[in-house]
Each structure stands twice: as C-alpha cells, then as structure tokens.
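Numbering (the working numbering), first residue to last: 194 to 359.
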C-alpha cells in the first residue's frame, strides 16, 4: 500500500522527535486530536505532551513562542490549521523567522518549521482555501529554489538551520 502525504509527514515528524530531544511539535489541535488533518496523530501519545502539545488559536503567539524557543536552542515545529490563519503571524514570519540569520550576520539561527496546509480550488470556505505562498516566496531570507527547499525540509535530520520553508 502506498504511503499518503499525511503518513509521510507524520513519519518524518516522528523521526525528528525520536532523534533529537530539542524537537517540539505544537500548534492548533496537534496534541490530543492529532491535527485537523491528523498529521500529528499518535505523536503526543508516543513522545509525551511536553513535546507534542496544543496551543490556543493565536497564530502570532504560536510563531513568536517558536522564535524564542529556537533562539534558545530548541527546534520547534509549529502547525496552523490553515494557511489563511497565518496572517496574524505574518509580521513574525517576515520580520523575524525569515530575516533573523541575516540581521544578526549569522550569529542567531532559528531552526524551526512552520506547517500550514494551503491550497485554493478545494471548495472550502474563505479561511480554508487561501493560496498565500506567493507572499512567502517573495520574502528575503525565504528559500526560493527547489534545491534550497529540499535542504530546508531535510534540515531536521541534518541539524542545520537553513531558514524558513514553504
């Protein structure tokens, strides 16, 4: 049986949690419920609620907390339910996540991942079907080539901090 995208992401997150105690997964309904698309299903039970936990529906707070944790050596993986919910966190993402390494001349890295399902044309309501990836694609500090995106996606295993990904 073929592995679905959700299963592959769940496995990758599990691998990251297993190999590095600094990895934390948190966000909207990712703990007990396993995420709106069940991407994190079973991770809280396996790795504990201190490493996979729910947050309030406060996207700017979620990203801000992740920025602080990453600055202190943690490796947060945060999830928002849908891409359109990321707008309140846009300033954090653009001003801090994407630019921190350059702003500090490489002295401060933010080894973190922000996950947000996206995509128009699915017939969802307005907050569930945005395709706002162009905002991030044109943000300085954001990976733009396929090669850089791949390196970023595998950074959890490689223990590097290449910057944000989409």
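Glycine is no exception: its CB is placed at the ideal position from the N, C-alpha and C atoms.
- The C-alpha of residue 244 is placed about 15 Å away from the C-alpha of residue 204.
- Counting only unbroken stretches of 3 or more residues, the beta strand (DSSP E) elements lying wholly within the segment 258-296 are 268-272, in sequence order.
- Annotated three-state conformation of residue 223 is coil, per DSSP.
- In this structure, the alpha-carbon of residue 215 lies about 25 Å from that of residue 276.
- Shown here for residue 332: same chain residues with a beta carbon closer than 7 Å to its own, the five before and five after excluded, namely 287 and 291 in chain order.
- In the three-state reduction of the DSSP assignment, residue 216 falls in the strand class.
- A distance below 9 Å separates the beta carbons of residue 303 and residue 263.
- Residue pairing by DSSP places residue 245 opposite 218 in a beta bridge.
- Between residue 220 and residue 308, the gap from beta carbon to beta carbon is short of 9 Å.
- For residue 237, the uninterrupted alpha helix (DSSP H) run begins and ends at 236-240, by DSSP.
- The beta carbon of residue 222 sits closer than 8 Å to the beta carbons of 228, 229, 247 and 274 from its chain, once the five residues preceding and following it are set aside; these are given in chain order.
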